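Contents: one structure, followed by commentary.
Protein chains: 2
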Amino acid sequence: MQNPLNIAIVGSGLVGSLLAIYLKKAGHSVHVYDRSPDIRKIQFSGRSINLAMSDRGWKALDAVGVGNSVREIAIPMDKRAIHINKDLKFQPYGLNGESIYSISRGTLNRKMIDLAEEAGAEFFFEKKIWDVNLAEATLQIGETERGEWEAVKYDMVFGSDGAFSRVRHRMQRQSMFDYSQEFLPTGYKELNIPANPDGTHRLDKNSFHIWPKGDYMLIALPNLDGSFTCTLFMPFEGENSFASLKDRKQVEDFFEKNLPDTVDVIPNLAEDFFKNPTSTLVTMKCFPWTFEDKVALIGDACHAIVPFYGQGMNAGFEDITILHEFMEEFGNDWDKIFKAYERSRKPNTDAIAELSYRNFMEMSSKTADESFLLRKKIEKRFSEKHPDKWLPLYSRVTFSHRPYSEALAIGDHQKAIMDEVMLLPNIEEKWDSNEVEGKIISLLASGKK
Amino acid sequence: MQNPLNIAIVGSGLVGSLLAIYLKKAGHSVHVYDRSPDIRKIQFSGRSINLAMSDRGWKALDAVGVGNSVREIAIPMDKRAIHINKDLKFQPYGLNGESIYSISRGTLNRKMIDLAEEAGAEFFFEKKIWDVNLAEATLQIGETERGEWEAVKYDMVFGSDGAFSRVRHRMQRQSMFDYSQEFLPTGYKELNIPANPDGTHRLDKNSFHIWPKGDYMLIALPNLDGSFTCTLFMPFEGENSFASLKDRKQVEDFFEKNLPDTVDVIPNLAEDFFKNPTSTLVTMKCFPWTFEDKVALIGDACHAIVPFYGQGMNAGFEDITILHEFMEEFGNDWDKIFKAYERSRKPNTDAIAELSYRNFMEMSSKTADESFLLRKKIEKRFSEKHPDKWLPLYSRVTFSHRPYSEALAIGDHQKAIMDEVMLLPNIEEKWDSNEVEGKIISLLASGKK
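Residue numbers (the UniProt record's numbering), protein chains in the order written: chain B, 1 to 449; chain C, 1 to 449.
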């Protein structure tokens, strides 16, 4: 048990709520602030991509004893279902039937806040933090940015207030603070596939559905009530773009022509399209993440990534796993804990940012490509025969706890090997031959020099 | 002549003052705001690197008729003077005796404000802009960030308020605004070589002096009064670092050992070392630079770079040249002017950021390297014989008006060619042979495919 501290957490999202549970269990007093109303008392807005919980997320939940509560609201997906021209191909995610788990963000967030309250954390909603005195761990709370503020002092402050964090905003104004934010020219919009009248799912329930269309794509993830939350990713401008779809008729014609098999299952297409906002996608990086032993950023507040690897929440939860490991190691020396935490996490969150950015192309284009699917088959076969020599990149990111930075580096090496393998004459015919297997082994060996 | 507008410029530095002259001459009413006192009435602080005006800067000054006033306070430097172990090597900057010009930042800034006032711009000092309403081109002016503000409305606002621009700060909070700031682990400190008692310079007056030391370096640029402004660039942490020099004795011993020929000419070394601040070096990039036809960023406010190519001010002045070209082309259509301006400048300021970042290594390490100097000699010889085929990178950046992005691309191509040339056996002996010349010609030809 650590010396008990008074700790404030800014942001009651998934990472803030889970962190509250960890800090309560370590013996601290925990106040969680959020500028928004209690998500348990309001309708959640139509601007979310369903979450895909995978091994890193489960580890952080299980270690603090809340994994099973969350499993009750999760639906396993063991494969991609790839929709091409009304045709359907399945591509398993793991080598051994592993799944990722679809969870509605709103449902999970409500559950996490309940669990944190049960653990003894106190929540303060509709409290807006406008500024933080870093050296004093003091929050400035008020109705408006230009109005009266109340100063509330803590021993320590965590900023888990997301990609547009106010806590980070203050740290940004320190000298020597590295920072970047970069928006994609692609945005996203939520759509919905309702349940059948009998409550069953209209598409295969245990799949992550993708309609890969090159520069845009549609995905659908299952919900407990039989519905699917769909997300349309599409450029803001250009030929196939949000800007080009200006009225009901244009939207309906576009889906009829380009996504014909979705027309029957998305009945409220045009209504949802114009009712739901078009959201942006940003990659945000910064450093340092901590200020002395007083303030630390965590989750999206210090490493917001694009959603194409399904790792945003998982990476944020893994921040907590790592922070907790250093709490165990360094006891009450929070200066040391914070330094070790930011040093350990930064290269890994940079790596998952890069992998996530690259994965848009894989999802939206390559999954529609025969040569890509062959590549995956060759990798899968080799990996099954030589599990000690080859863990596919997706599995290393999603179904392991190895550092993301290692996944990026080994993934690049594997890609170079597979590029060579795919150049072999008649690879389509001999993909499962001893020759191909031997080629991979020799390329792996030569890369070790 | 354009339709006259009421224009506010935030920031009375070099770019703000020159922009004021251009806008006055175009017929507008111009108010220039600065949060600091009038620089003409105060002692300028010891945290500046002397400026090196080159062709891009002169062009912008001459086009509005103020170049000759500035030439009166400038000292030409036609070469690098490279100090290695009390030995001195000269390396001419241009192929035809071209110079860059040393100017004290304070002296130039005072002159520019005088010239802008003569042109009819009005200056308001010690007026702090805390926020800008972008859509209304309205400044929020007040004593303190949390105090009362006065709203002052204009037709248009320019933010020339430097790397930590408040105008940009507001634009950053818009969606889809890309932004990055990255600090070097190297800082800098101003030192001083005073004039001889008779007012003459203690070192060659028409040289840019460099003491290249690998991970750190000292430079000295001449002033009109016989002194030199020196700048020590050095890592913050590590073996040879600001952190390692903690008292007078350590500083004096360090210079005695590593920079022995400077000891006699920097009499107030330890005093200046501890009196003057250690400043940071940042590269800042962002996009977009403009908001509708209402607000535009210019100079360091939208592209702060490290000083190792001597192009910071020159790039800012070139922003004005390009903006003015579009004013001539598009008349009163400021929306079009702003869009064309940011689109034209962004790839070029990104390129000079990259070139400036790379040039630290050239100045601090390579200038001490025989092979680098041989490389320069080969380039110079080839360039003199074939001026149509080869303009060295430094000349293209410094003594031409070709786009920076072109300089970066052609410079990379030239580097690849010179890398191959330097691998020729016995290059040291045959560097001025027909064989080497022929090799370069054939490599240039093959690169054109």
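For each residue, glycine too, the CB sits at the ideal point set by N, CA and C.
Just so you know, these numbers come straight off a predicted model, no measurement behind them.
*Can you give me the Cβ contacts of G214(C) inside the same chain, cut-off strictly under 7 Å, excluding the 5 residues immediately before and after it?*
Around G214(C): S364, S365.
_Chain-ordered neighbours of D350(C) on chain B, where CB pairs are closer than 7 Å_ = Listed by position along chain B, the residues whose Cβ is nearer than 7 Å to that of D350(C) form an empty set, because the closest Cβ is around 13 Å away.
_Rounding to the nearest angstrom, what Cα-Cα distance links I322(B) and Y341(B) in this structure?_
When rounded, the distance between both Cα atoms is 7 Å.
*What three-state label does DSSP hand K449(C) in the structure shown?*
Note that K449(C) scores a pLDDT of 42, beneath 50, so its modelled location is shaky and nothing firm can be said.
*Alpha-carbon spacing of I100(C) relative to S395(C), whole angstroms*: Using only the alpha carbons, I get a separation of about 11 Å.
*Taking Cβ-Cβ distances shorter than 8 Å, what residues in chain B pair up with M234(C)?*
Correct list: empty, because the minimum Cβ distance to chain B is about 15 Å.
_Straight-line gap, S344(C) to V306(C) (C-alpha atoms, nearest Å)_ = Taking the straight line from one Cα to the other gives about 21 Å.
_Give me, in chain order, the residues of the same chain whose beta-carbon lies closer than 7 Å to that of A163(B); leave out the 5 immediate sequence neighbours on both sides._
Close CB contacts of A163(B) within its chain, under the 7 Å cut and outside five residues either way in sequence, are with V282, M284, D300, A304 (chain order).
*Taking K189(B) as the reference, give the member of T231(B), S227(B), D204(B), H209(B) with the closest Cα.*
Answer by Cα proximity: T231(B).
*Can you name the residues that DSSP bridges to S29(B)?*
Under the DSSP definition of a beta bridge, S29(B) partners with N6(B).
*Between S175(B) and chain C, is there a C-beta pair that is closer than 8 Å?*
Closer than 8 Å: yes.
*Could you tell me the boundaries of the beta strand (DSSP E) in which S180(B) lies?*
Looking at the DSSP string, the run of the beta strand (DSSP E) that includes S180(B) is 178-183.
*asked:* Considering Cα atoms alone, identify which of E370(B), D412(B), K89(B), S405(B) is closest to A353(B).
replied: Answer by Cα proximity: S405(B).
*Taking Cβ positions, are residue 457(B) and M176(C) nearer each other than 8 Å?*
Because chain B in this structure spans residues 1 to 449, residue 457(B) falls outside the shown range and cannot be described.
*Would you say Y179(C) reaches chain B, if we count a Cβ-Cβ gap shorter than 8 Å as a contact?*
Proximity of Y179(C) to chain B, defined by a Cβ-Cβ separation below 8 Å, is satisfied.
*Cutoff 6 Å; reference F326(B); Cβ partners in own chain excluding five residues on either side*: Cβ neighbours of F326(B) beyond the five flanking positions: I337, A340, Y341.
*Determine, using beta carbons only, whether T144(C) comes closer than 8 Å to chain B.*
For T144(C), the nearest beta carbon of chain B is not closer than 8 Å to its own beta carbon.
*According to a CB-to-CB cut-off of less than 9 Å, which residues of the segment 289-305 of chain B neighbour chain C?*
Contact annotation: in the segment 289-305 of chain B, no residue has its CB less than 9 Å from a CB in chain C.
*Where do the ends of the beta strand (DSSP E) carrying I210(C) lie?*
Start and end: 207-212.
*Have a look at A60(B), I9(B), P37(B) and flag the residue whose alpha-carbon is nearest the alpha-carbon of S316(B).*
The question names Ser, but residue 316(B) in the sequence shown is Gly. Of all alpha-carbon atoms in A60(B), I9(B), P37(B), the one lying nearest the alpha-carbon of G316(B) is that of A60(B).
*Beta-carbon of F183(B) versus every beta-carbon of chain C: anything under 8 Å?*
Yes, F183(B) counts as interfacial toward chain C.
*Nearest-angstrom Cα distance between Q2(B) and C302(B)?*
In this structure, the straight-line span from the alpha carbon of Q2(B) to that of C302(B) is close to 25 Å.
*DSSP on V397(B), reduced to helix/strand/coil?*
Helix at V397(B).
*asked:* Since N50(B) and R110(B) should fall inside the 8 Å C-beta cutoff, what is the C-beta to C-beta distance between them, to a whole number of angstroms?
replied: By a beta-carbon distance limit of 8 Å, N50(B) does not contact R110(B). Their separation comes to about 15 Å.
_Tell me the residue span of the beta strand (DSSP E) that contains W431(C)._
That residue, W431(C), is in no beta strand (DSSP E); it is neither H nor E in DSSP.
*Length of the line joining the Cα atoms of V30(B) and M112(B)*: Distance from the CA atom of V30(B) to the CA atom of M112(B), rounded to whole angstroms, is 15 Å.
*Report buried or exposed for residue 480(B), applying the criterion of at least 16 other Cβ atoms within 10 angstroms of its Cβ.*
The shown model of chain B, from 1 to 449, leaves out residue 480(B), and the question about it has no answer.
*Less than 8 Å between the CB atoms is what I'm expecting for S160(C) and G331(C), so what's the real figure, rounded?*
Actually they do not touch by this definition, with Cβ atoms about 23 Å apart.
*Answer yes if the segment 239-246 of chain C comes into contact with the segment 129-147 of chain B, meaning at least three C-beta pairs across the two stretches below 8 Å, and no otherwise.*
Taking 8 Å as the limit for Cβ pairs, the verdict is that the segment 239-246 of chain C does not touch the segment 129-147 of chain B.
*Please state whether DSSP places Q414(C) in a helix, a strand or coil.*
In the structure shown, Q414(C) sits in a helix (DSSP, three-state: H, G or I).
*Can you tell which of V15(C), K153(C), H209(C), R35(C) has its C-alpha closest to the C-alpha of F228(C)?*
F228(C) has its Cα closest to that of H209(C), out of V15(C), K153(C), H209(C), R35(C).
*Does DSSP put R80(B) in a helix, a strand or coil?*
Here DSSP, grouped into helix, strand and coil, assigns R80(B) to strand.
_Taking 8 Å as the threshold (C-beta atoms), are A20(C) and A121(C) in contact?_
For the 8 Å CB-CB criterion, A121(C) and A20(C) form a contact.
*With 16 other CB atoms within 10 Å as the buried threshold, where does H401(C) fall?*
With fewer than 16 other Cβ atoms from the protein chains shown falling within 10 Å of its own Cβ, H401(C) counts as exposed.
_Please list, in chain order, the chain B residues whose beta carbon lies closer than 9 Å to that of T280(C)._
The contacting residues are S175, M176.
*Please report the Cβ distance between E428(B) and K385(B), rounded to the nearest whole angstrom; I am assuming they are in contact, meaning their Cβ atoms lie under 8 Å.*
Not a contact, Cβ separation roughly 20 Å.
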